[in-house]
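2 protein chains.
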Amino acid sequence: MPLKIEIIGIGNELVTGRVLDQNAGYAAARLNSFGFEVNRIVLIGDQPGNIRSALKEAGKRADAVLVTGGLGGTLDDITVEVVSRVFQRPLVLHKGLQSQIRRFLTLRDIPWDPIYEKIAWLPEGVELFHPRPKACGFMMNEKGKLFFFLPGVPEEMRRYLDRQIIPYLVNRYPGQKVVRQRVYNVFGLLEPEVNEKFKDLEKRFGSLQLGFYPKFPENQLTISIRAEKAIGAERLLDSIEKIVEERLSGYLISKNGQTLEEVVGDLLIQKRMTLSVAESCTGGLIGHRITSVAGSSAYFDRSVVVYSNKAKMEMLDLPKKVLSRFGAVSEKTALLMAEGVRKKSKTDLGLSVTGIAGPGGGTPQKPVGTVWIALASGQGTKAGHFLFQGRRNQIKILTAYTALNWVRSYLINDTFLFSH
Amino acid sequence: MPLKIEIIGIGNELVTGRVLDQNAGYAAARLNSFGFEVNRIVLIGDQPGNIRSALKEAGKRADAVLVTGGLGGTLDDITVEVVSRVFQRPLVLHKGLQSQIRRFLTLRDIPWDPIYEKIAWLPEGVELFHPRPKACGFMMNEKGKLFFFLPGVPEEMRRYLDRQIIPYLVNRYPGQKVVRQRVYNVFGLLEPEVNEKFKDLEKRFGSLQLGFYPKFPENQLTISIRAEKAIGAERLLDSIEKIVEERLSGYLISKNGQTLEEVVGDLLIQKRMTLSVAESCTGGLIGHRITSVAGSSAYFDRSVVVYSNKAKMEMLDLPKKVLSRFGAVSEKTALLMAEGVRKKSKTDLGLSVTGIAGPGGGTPQKPVGTVWIALASGQGTKAGHFLFQGRRNQIKILTAYTALNWVRSYLINDTFLFSH
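Going down the list, the protein sequences come from chains A and B. FYI, the numbering for the first sequence is 577 to 996, going by my numbering. FYI, the numbering for the second sequence is 577 to 996, going by my numbering.
Below, the structure is given as structure tokens:
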């Protein structure tokens with residue numbers, strides 16, 4: 577049985593929404609990766625009643641409780657007092673901590689203040705972690721249940737967790753199973769379709785857990801395995817990965833949380849190819865995504881964001897008669913944009929998009945969401961037609977994503993194999 | 577007495593630390609700003625036992641419970657089943673929702689799947705919010721306690737909360753005084769600085785509540801007033817708004833949640849001016865932001881994303897000797913880029929950015945985060961130097977934001993008045 581842990585975050589700022597708590601999520605991720613199971617995260621304000629009930633409830637359910645916040649010297653830091661009362665452990669002066677605090681203050685020329693005295697008074701029988709003068713973390717064994725108390729300042733919380741608590745737990749509970757997880761980014765499949773493809777896996781592999789998280793426009797599929805040893809978990813995940821790759825095939829964009837633009841960047845580097853872009857309805861989003869990858873200057877030359885027809889004619893030599901005959905959102909325009917930017921920039925690939933992002937500008941023939949994407953290469957140029965649904969920014973995001981996915985597909989297959 | 581609310585977030589990803597929950601914090605902030613009190617936030621995984629105990633405990637303590645997550649059609653979405661069992665409300669088919677789902681699928685050519693059927697089966701006696709085909713939010717009155725169930729996808733959760741739940745709560749508890757709120761987007765001031773500027777207001781106006789939400793790179797300041805009548809609250813807010821405008825002055829980007837690009841767009845339309853952009857380190861992000869505003873084609877002509885030096889020379893006629901003597905990231909280059917794009921596009925304004933987004937490419941003279949921004953107009957051209965901190969994408973975002981803010985400042989003042 578994995579050790580069951582609950583996390584309690586204390587502080588008014590957490591329940592008023594003034595501060596987004598990141599401590600609990602961080603601690604949960606770290607503890608999980610070492611095979612400990614976090615069952616519940618509870619955030620409460622600085623009221624004695626709330627702290628009392630949260631401590632009692634967590635102590636009943638969990639094997640260990642990690643409490644963050646409320647350890648400082650100011651008036652609203654009342655965690656220590658409540659702990660003292662709830663567990664009937666009178667506050668005692670920790671002389672070692674007191675002299676540490678005095679040394680710290682002297683060293684920094686900070687005048688003495690009663691609030692520093694308060695920090696050195698802790699419940700009887702607790703064990704101090706490496707003393708810290710502003711708020712010292714400590715632990716307590718209460719009838720076999722472990723309680724860890726840490727400051728709420730994220731850097732201090734993390735240092736205590738990583739350097740003291742996790743080593744302590746791993747050492748005390750060596751029999752824990754480990755948990756290993758892989759993340760797959762999927763595009764073009766709906767949640768039920770992904771579900772259908774993998775629902776047998778949970779039956780086949782007892783300890784396997786599937787997760788699914790929409791992250792527009794992608795979906796993230798996670799596969800977790802709990803095993804005796806890390807190597808066992810990884811081996812099982814390797815064999816499951818083959819099933820995942822086979823069943824997702826073209827819908828699998830990346831493994832291990834890589835972004836689509838990172839995948840495209842890696843492929844371009846691998847093939848020693850360069851890319852330029854001509855964007856209309858995406859307004860620069862494709863260039864932005866490509867350049868969000870460090871080192872993209874190695875393969876990305878330029879993007880021309882030709883929002884107006886004038887810009888399309890001036891910067892990509894689009895003939896006026898093409899625009900007036902076929903329109904800015906047309907196969908012909910997309911083809912000429914891709915070829916134009918490829919030719920001007922002398923890159924291996926030229927990518928273009930033109931469409932109607934809405935909410936205005938749609939017609940019965942070309943409704944909002946109509947998009948043409950084209951890719952020009954040494955092998956010729958291909959264009960494809962799409963009708964995306966959604967609000968303006970969703971259409972932009974879908975268009976940019978699909979266009980980059982065309983580049984990915986072209987680079988993987990060494991030829992045009994796009995599905996519309 | 578303010579209404580006491582608890583929030584429950586359901587999903588394995590929240591307690592394994594794979595996803596940082598932002599729903600609870602967002603909801604807490606919004607609810608607080610309308611005078612409701614959030615007492616506890618509980619995050620749990622997709623296990624029936626955990627969901628059951630969390631629902632029961634929250635129902636005992638709170639007046640209303642907001643539950644997010646686990647409403648989809650996949651196997652791990654079990655919130656609805658657990659609710660049905662805990663509150664002994666058998667699942668019934670909501671025909672209206674079912675036909676909405678069918679219409680949605682037909683419209684998008686998505687084949688029917690049993691999991692869509694599952695979404696339309698909800699506990700007896702619940703009230704549906706505006707139906708959404710992927711996961712529909714609903715509410716339930718259980719012996720005087722209100723339970724709200726929302727999808728875990730942040731955009732959907734926020735839409736339900738802001739458009740349905742908050743208006744519902746504000747309406748249902750008229751005995752509670754009315755709460756009116758204004759939102760101010762602030763840029764360039766830290767939380768303690770904003771706090772310092774306004775901390776006297778809470779004392780001066782008894783019912784006033786300040787809220788502060790970082791929304792990188794902006795910060796949102798909210799000011800809420802609780803009063804007997806709406807007109808009284810609005811009048812008070814009007815007079816407070818004068819104080820806010822005075823104290824924030826140049827740091828105040830917009831009121832009522834407008835985005836910076838919307839403000840810039842409105843100003844360009846008002847002044848009948850047009851804009852073109854030359855981007856290097858932002859890679860297209862400025863164009864993307866400008867074109868995220870519907871109707872931006874009225875004032876936005878083009879963005880040239882000149883990522884390579886070759887592109888800078890070919891597309892903006894930058895002399896090779898300027899690039900080799902001063903470098904691509906220099907005042908001279910920024911000035912010539914802004915003038916070049918303005919001249920080529922014949923727009924009223926030409927905006928340019930060039931910088932080092934990192935993590936590579938920095939030198940002792942030009943460290944990562946070094947950015948030059950320039951704006952060319954009929955009155956001449958001005959350039960400014962910045963040193964931004966952060967990761968690659970943060971530097972890109974800060975650069976795009978600051979550049980657009982230059983345009984805003986220029987349009988407001990009818991001249992160059994930038995602070996660096």
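Glycine included, every Cβ here is placed at the ideal spot set by N, Cα and C. No experiment lies behind these values; they were computed from the predicted model shown.
Helix, strand or coil for residue i? Go by DSSP, reduced to three states.
i, result
"A:G931", "strand"
"B:G720", "coil"
"A:V840", "helix"
"B:H996", "Only weak support is given to the placement of B:H996: the predicted model assigns it a pLDDT of 48, under 50, and the value that follows is read from those uncertain coordinates. Coil, per DSSP."
"A:S868", "coil"
"A:Q970", "helix"
"A:F774", "helix"
"B:L619", "strand"
"A:R780", "helix"
"A:L765", "coil"
"A:F714", "strand"
"B:K919", "helix"
"A:E732", "helix"
"A:E613", "strand"
"B:Y744", "helix"
"A:I807", "helix"
"A:Q834", "coil"
For a contact meaning CB atoms closer than 9 Å, what does residue i contact in chain A?
i, result
"B:G936", "A870, G871"
"B:M733", "In chain order: nothing, as chain A lies at least about 12 Å away."
"B:R684", "Q965"
Relative to the alpha-carbon of residue i, which residue among the options has its alpha-carbon at the smallest distance?
i, options, result
"B:P943", "B:K958, B:G966, B:T957", "B:G966"
"B:A605", "B:L786, B:M715, B:G701", "B:L786"
"A:A910", "A:R865, A:T975, A:G938", "A:T975"
"A:R580", "A:I845, A:F962, A:L642", "Arg is not the amino acid found at residue 580 of chain A; the sequence shown has Lys there. If we check each option's Cα against that of A:K580, A:L642 comes out closest."
"B:V755", "B:S609, B:M849, B:I973", "B:S609"
"B:L925", "B:A914, B:A933, B:I932", "B:A914"
"A:L1002", "A:D893, A:V595, A:S985", "Nothing can be reported for residue 1002 of chain A, as the shown portion of chain A is limited to 577 through 996."
"B:P699", "B:K896, B:K886, B:S879, B:M716", "B:M716"
"A:G645", "A:H706, A:E613, A:G713, A:R679", "A:G713"
"A:E907", "A:K920, A:G931, A:K922", "A:G931"
"A:T978", "A:G782, A:G764, A:R665", "A:G764"
"A:R758", "B:I654, B:K847, B:R594, B:K805", "B:R594"
"A:P578", "A:V880, A:K958, A:S783, A:V762", "A:S783"
Which chain A residues are close to residue i, counting only those with a beta carbon under 8 Å from its beta carbon?
i, result
"B:L722", "Neighbours of B:L722 on chain A: none; closest Cβ ~18 Å, over 8 Å."
"B:E589", "G787, Y789, T798"
"B:D738", "Simply none; closest approach about 13 Å."
"B:Q598", "L596"
"B:L669", "Within 8 Å Cβ-Cβ: nothing; B:L669 doesn't reach chain A, min ~18 Å."
So residue i is in the beta strand (DSSP E); what residue range does that whole segment cover?
i, result
"A:R802", "794-803"
"A:S953", "946-953"
"A:P790", "784-791"
"B:T644", "640-644"
"B:K831", "828-831"
What are the boundary residues of the alpha helix (DSSP H) that residue i is part of?
i, result
"B:S675", "671-683"
"B:K896", "896-902"
"A:E855", "It is not in any alpha helix (DSSP H) - A:E855 instead sits in the beta strand (DSSP E) that spans 851-855."
"A:E693", "690-695"
"B:E633", "624-637"
For residue i, go through chain A and note every residue whose CB falls closer than 7 Å to its CB, in chain order.
i, result
"B:V729", "P790"
"B:G635", "Chain A residues near B:G635: none, gap ~14 Å exceeds 7 Å."
"B:A604", "V591, T592, G593"
"B:L651", "N771, K775"
In chain B, which residues lie with their C-beta within 8 Å of the C-beta of residue i?
i, result
"A:N989", "Correct list: empty, because the minimum Cβ distance to chain B is about 26 Å."
"A:P690", "Correct list: empty, because the minimum Cβ distance to chain B is about 24 Å."
Report the neighbours of residue i on chain B: residues whose CB is nearer than 7 Å to its CB, in chain order.
i, result
"A:F876", "Y883"
"A:A887", "D877, R878, S921"
Using the beta-carbon of each residue, which ones in chain B are nearer than 9 Å to residue i?
i, result
"A:I949", "Chain B residues near A:I949: none, gap ~16 Å exceeds 9 Å."
Does residue i come within less than 8 Å of chain D when only Cβ atoms are used?
i, result
"B:H864", "Among the chains of the structure shown, chain D does not appear; the protein chains present are A and B."
Open item on the list: When you compare the stretch 713-733 of chain B with the stretch 640-660 of chain B, are there three or more beta-carbon pairs, one atom per stretch, that lie closer than 8 Å?
Closed with: The stretch 713-733 of chain B, when compared against the stretch 640-660 of chain B, does touch it at the 8 Å Cβ threshold.
Open item on the list: Below 8 Å, how does it come out for the stretch 862-874 of chain A and the stretch 930-938 of chain B: are there three or more Cβ pairs, yes or no?
Closed with: Yes, they touch.
TODO: Flag this pair as touching only if the stretch 882-890 of chain A and the stretch 881-889 of chain B have three or more C-beta atom pairs under 8 Å; answer yes or no.
DONE: They do not touch, by the three-pair rule.
Open item on the list: Could you check whether the stretch 849-869 of chain A touches the stretch 805-818 of chain A, counting it as contact only if at least three pairs of C-beta atoms, one from each stretch, sit closer than 8 Å?
Closed with: The stretch 849-869 of chain A makes no contact with the stretch 805-818 of chain A, as fewer than three CB pairs between them are under 8 Å.
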